[in-house]
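Scroll down for the structure; my scribbles are underneath it.
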Amino acid sequence: MRRHLTPFNLYLSLIGAVGFILVGWSLSHLPSYVPLHTFALLVALTVVAALAPISSAVSEETGFNYGMGAIVSLAAFPQFGNAAAVLIGAIYSVAVWLNKPADQRTWKKNSRQLIFNTSMQAIAIFCAGEIYEVLRIYLGTDTWQAQTLPWIAVAVLYEEINLWLLIGILRLQQGPVIKPLRMWREERAASQIILLAAAMGGGMLGYAIETYHAMGVIAFFWPILLSAYAFRLYVQQVRSHLENLENIVAERTHDLAELNRQKDAYLAVLTHDMMTPLTSIQLCAEELQADPTAAENSDLLHFLLRSQRTLFTMVRNILDIEKLQTGGALT
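Number 320 in the working numbering belongs to position 278 of the sequence shown; there are no gaps in the numbering.
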């Protein structure tokens, strides 16, 4: 029993319980989502948005995913309220989970992943929705400040809650290898586009829904969705380009290693072929020095030995250079 009472499981259970309560609460308000056909259109567009998320790998089993579901969820605040936004966010999380293949690098389908992602979205959207209502009432419902400023706070709060809830479970799952502040800085920079889209897109779409209902959804959301799809294609092209560069570097590294191997083989043969005659020259010169009849040519013999030693030293230097390149010690 204690084996299952780990901080990771307790954290997951807590987030899952809160998310379950919020999703149940949003379902209980379903009859109040009027007009219902506009809400149904939002749900349909949420499912479409789930087809184009952007993934960022943290490890072989976990990663961050960015998508346009936040725009649709937050845009439900003015017309349908916080409960509808929570339900749309939950539907988006389920659609993303179902759409992703089970063998993709940053996704491994399991129930814990679905529970956490859905609950994380529900909590973030609920908190953002409460702040939206408070700010809109404080600024005056019909003023331009109430129509614009709350969306900035809503987008920032939604993104930060999502990010820190995810960092928390990654820390408990992966251990000290996950550095919360460093990961926050890295992913915070990567999520700036989504943050901007959530603030501007959510505000525009929310205004369109409140004013024009279904026609507003169609007119305002499709350009946003197409922009998200274009951005996804751009990210995929960048990843493909980086992978191509990595392959080129790997090929050049392999070619360089092959050239180094050939050079080492050539130098090994060269030094061996030079050492043998140089040793023979040294032995012959020393034999001649020991011969009394060669005393009259002593200067020539000394010159021969000096030249032999110089060449011998050069060969040894070549061998030492090879040892240094392979991490060996000098002789």
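Cβ atoms here follow ideal geometry from the backbone N, Cα and C, with glycine treated the same way.
From residue i to residue j, what does the alpha carbon distance come to, in whole angstroms?
| i | j | result |
| --- | --- | --- |
| residue 357 | residue 317 | 7 Å |
| residue 280 | residue 271 | 14 Å |
| residue 116 | residue 276 | 25 Å |
| residue 87 | residue 114 | 8 Å |
| residue 51 | residue 139 | 20 Å |
| residue 299 | residue 315 | 24 Å |
| residue 185 | residue 216 | 47 Å |
| residue 70 | residue 223 | 38 Å |
| residue 295 | residue 302 | 10 Å |
| residue 221 | residue 201 | 19 Å |
| residue 112 | residue 244 | 8 Å |
| residue 340 | residue 321 | 19 Å |
| residue 342 | residue 348 | 10 Å |
| residue 209 | residue 311 | 58 Å |
| residue 352 | residue 306 | 22 Å |
| residue 364 | residue 204 | 55 Å |
| residue 256 | residue 157 | 31 Å |
| residue 350 | residue 329 | 14 Å |
| residue 134 | residue 246 | 20 Å |
| residue 283 | residue 47 | 45 Å |
| residue 254 | residue 260 | 10 Å |
| residue 89 | residue 293 | 42 Å |
| residue 332 | residue 362 | 33 Å |
| residue 180 | residue 286 | 53 Å |
| residue 273 | residue 264 | 14 Å |
| residue 366 | residue 309 | 14 Å |
| residue 178 | residue 187 | 8 Å |
| residue 250 | residue 183 | 16 Å |
| residue 98 | residue 288 | Residue placement at residue 98 cannot be trusted, given a pLDDT of 49 that sits under 50; what the coordinates show is reported in the next sentence. One C-alpha to the other measures close to 18 Å. |
Please classify residue i: does DSSP put it in a helix, a strand, or coil?
| i | result |
| --- | --- |
| residue 71 | coil |
| residue 221 | coil |
| residue 190 | helix |
| residue 255 | coil |
| residue 362 | helix |
| residue 184 | coil |
| residue 305 | helix |
Terminal residues of the continuous alpha helix (DSSP H) containing residue i?
| i | result |
| --- | --- |
| residue 48 | Premise fails: residue 48 is in no alpha helix (DSSP H) and is neither H nor E. |
| residue 84 | 78-91 |
| residue 118 | Run containing residue 118: none; DSSP gives neither H nor E here. |
| residue 159 | 153-181 |
| residue 123 | It is not in any alpha helix (DSSP H) - residue 123 carries neither H nor E in the DSSP assignment. |
Identify which residue in the options has its Cα closest to the Cα of residue i.
| i | options | result |
| --- | --- | --- |
| residue 241 | 60, 196 and 284 | 196 |
| residue 163 | 152, 224, 60 and 193 | 60 |
| residue 92 | 70, 69 and 142 | 142 |
| residue 120 | 293, 158, 72 and 193 | 193 |
| residue 84 | 258, 176 and 160 | 258 |
| residue 49 | 212, 168 and 71 | 212 |
| residue 174 | 165, 159 and 191 | 191 |
| residue 19 | 154, 111 and 346 | Limits of the chain in this structure are 43 at one end and 373 at the other, which puts residue 19 out of reach. |
| residue 80 | 152, 248, 206 and 172 | 248 |
| residue 165 | 308, 64 and 230 | 64 |
| residue 77 | 57, 126 and 297 | 126 |
| residue 323 | 354, 293, 309 and 207 | 354 |
| residue 128 | 47, 199, 228 and 171 | 171 |
| residue 206 | 226, 218, 74 and 198 | 226 |
| residue 160 | 234, 286, 182 and 132 | 132 |
| residue 123 | 291, 344 and 67 | 67 |
| residue 359 | 327, 72, 313 and 326 | 313 |
| residue 198 | 237, 167 and 189 | 237 |
| residue 252 | 189, 58 and 53 | 189 |
| residue 62 | 75, 137 and 168 | 168 |
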